[in-house]
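Asker: Protein chains in written order, with the working numbering: chain A, 459 to 607; chain B, 9 to 93.
The structure that follows is given in the form of structure tokens.
See the structure below:
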């Protein structure tokens with residue numbers, strides 16, 4: 459089906475691939491269905507696009523690509539509400555933000571997704587080691603270097 | 009806001025399914041026990057607020073930011089590979 463997006467125009471998405479967040483994403487409780495869009499073949503990032511709201515989309519990434527020590531503890535009730543019985547049935551993503559000249563990841567509020575059933579939830583972690591703004595990569599534009607002649 | 013006074017071990021009901029009990033009071037700190045259905049999220053407000061705010065701010069990331077990030081990431085990956093030979 460065609461999903462209307464403000465960033466990419468109309469995008470054709472297989473609706474069986476939609477990801478449902480029964481409780482929405484914190485701050486956006488009314489949007490429960492999202493499509494995961496890939497913009498480039500080699501990109502480290504995906505866009506989580508709300509199906510019902512063209513202007514609402516989050517950049518997400520796999521935190522293990524950047525922070526190897528990151529682990530998300532899942533309680534039995536959380537595994538049960540996600541419909542998973544083993545940890546490998548879930549995939550973890552974090553929402554990416556831009557602060558100054560870096561992209562940061564919200565490791566305190568990871569998105570945990572049951573890959574088979576396409577159901578997800580944003581968890582709130584109580585471990586204070588991981589903050590809402592963990593630096594992932596600098597995005598100082600390469601063009602600036604060329605101008606210093 | 010409804011304000012109620014409770015002593016240790018006393019409970020408040022919110023709707024039919026949510027119970028809050030004063031488990032302990034020690035000086036300035038109150039320990040609260042919350043019994044709620046799994047579908048209801050329960051968090052310290054400042055943590056919840058912080059994540060909510062961060063989610064909202066994150067909707068401002070631009071496509072070009074990612075292009076630059078991917079470029080930098082691929083460049084550093086290639087550097088690592090060449091140093092390994």
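Don't be surprised by glycine CBs; every beta carbon is placed ideally from N, CA and C.
So which residues on chain A does residue 64 of chain B lean against when the C-beta distance must stay under 7 Å?
Answerer: Neighbours of residue 64 of chain B on chain A, chain order: 485.
Asker: Pull the bridge partners of residue 502 of chain A from the DSSP assignment, please.
Answerer: Looking at the DSSP assignment, residue 502 of chain A forms no beta bridge with any residue, so it has no partner.
Asker: Cutting at 7 Å between CB atoms, please list the residues of its own chain near residue 486 of chain A, excluding the five before and the five after it.
Answerer: These residues qualify, in order along the chain: 514.
Asker: Any beta-carbon of chain B closer than 8 Å to the one on residue 605 of chain A?
Answerer: With a pLDDT of 45 at residue 605 of chain A, under the threshold of 50, the modelled position of this residue cannot be trusted; read the value that follows with caution. Not closer than 8 Å to any Cβ of chain B, the Cβ of residue 605 of chain A fails to qualify, so no.
Asker: Is there a Cβ of chain B sitting closer than 8 Å to that of residue 511 of chain A, yes or no?
Answerer: So, not an interface residue.
Asker: Please report the distance separating the alpha-carbon of residue 552 of chain A from that of residue 77 of chain B.
Answerer: Cα to Cα, the separation comes out at about 16 Å.
Asker: Would you check if the distance between the CB atom of residue 54 of chain B and the CB atom of residue 567 of chain A is smaller than 8 Å?
Answerer: Result no, Cβ atoms of residue 54 of chain B and residue 567 of chain A do not sit closer than 8 Å.
Asker: Give the list of continuous beta strand (DSSP E) stretches no shorter than 3 residues that lie fully inside the segment 502-572 of chain A.
Answerer: Runs found: 503-508, 515-519, 548-557, 560-563 and 569-572.
Asker: Is residue 555 of chain A close to chain B? Criterion is C-beta to C-beta, closer than 8 Å.
Answerer: By this cut-off, residue 555 of chain A is an interface position.
Asker: Output, in sequence order along the chain, the residues in the segment 491-506 of chain A whose CB is closer than 9 Å to any CB in chain B.
Answerer: Result list: 497, 498, 500, 501, 502, 503 and 505.
Asker: Counting Cβ pairs closer than 8 Å, one from the segment 498-505 of chain A and one from the segment 571-584 of chain A, do we hit at least three?
Answerer: These segments do not touch.
Asker: Let me confirm a value: residue 22 of chain B is counted as buried when at least 16 other C-beta atoms fall within 10 Å, else exposed. Which label applies?
Answerer: Classification of residue 22 of chain B: exposed, given that the 10 Å Cβ count is below 16.
Asker: Using a beta-carbon distance below 8 Å, is residue 481 of chain A in contact with chain B?
Answerer: Yes - at least one Cβ of chain B is within 8 Å of the one on residue 481 of chain A.
Asker: Quick one, which residues of the segment 461-475 of chain A are near chain B if we go by CB-CB under 9 Å, in chain order?
Answerer: The residues in question are 465 and 466.
Asker: Along chain A, which residues have their Cβ under 7 Å away from the Cβ of residue 31 of chain B?
Answerer: In chain order: nothing, as chain A lies at least about 17 Å away.
Asker: Closest to residue 35 of chain B by CA distance: which of B:85, B:16, B:47 and B:66 is it?
Answerer: Minimum Cα distance to residue 35 of chain B is reached at B:16.
Asker: Taking only beta-carbon positions, decide if residue 602 of chain A is within less than 8 Å of chain B.
Answerer: The pLDDT assigned to residue 602 of chain A is 48, lower than 50, so where the model puts this residue is not dependable; a value taken from the coordinates is nonetheless given after this. Output row for residue 602 of chain A: interface = no.
Asker: Could you spell out the range, first to last residue, of the alpha helix (DSSP H) harbouring residue 64 of chain B?
Answerer: Looking at the DSSP string, the run of the alpha helix (DSSP H) that includes residue 64 of chain B is 53-66.
Asker: Alpha carbon to alpha carbon, how far is residue 39 of chain B from residue 591 of chain A?
Answerer: Answer to the nearest angstrom: the Cα atoms are 29 Å apart.
Asker: Would you kindly report the start and end of the unbroken beta strand (DSSP E) that includes residue 459 of chain A?
Answerer: Residue 459 of chain A -> no beta strand (DSSP E), and no H or E assigned at all.
Asker: Among A:523, A:517 and A:494, whose alpha-carbon lies nearest the alpha-carbon of residue 509 of chain A?
Answerer: Here the closest residue by C-alpha is A:494.
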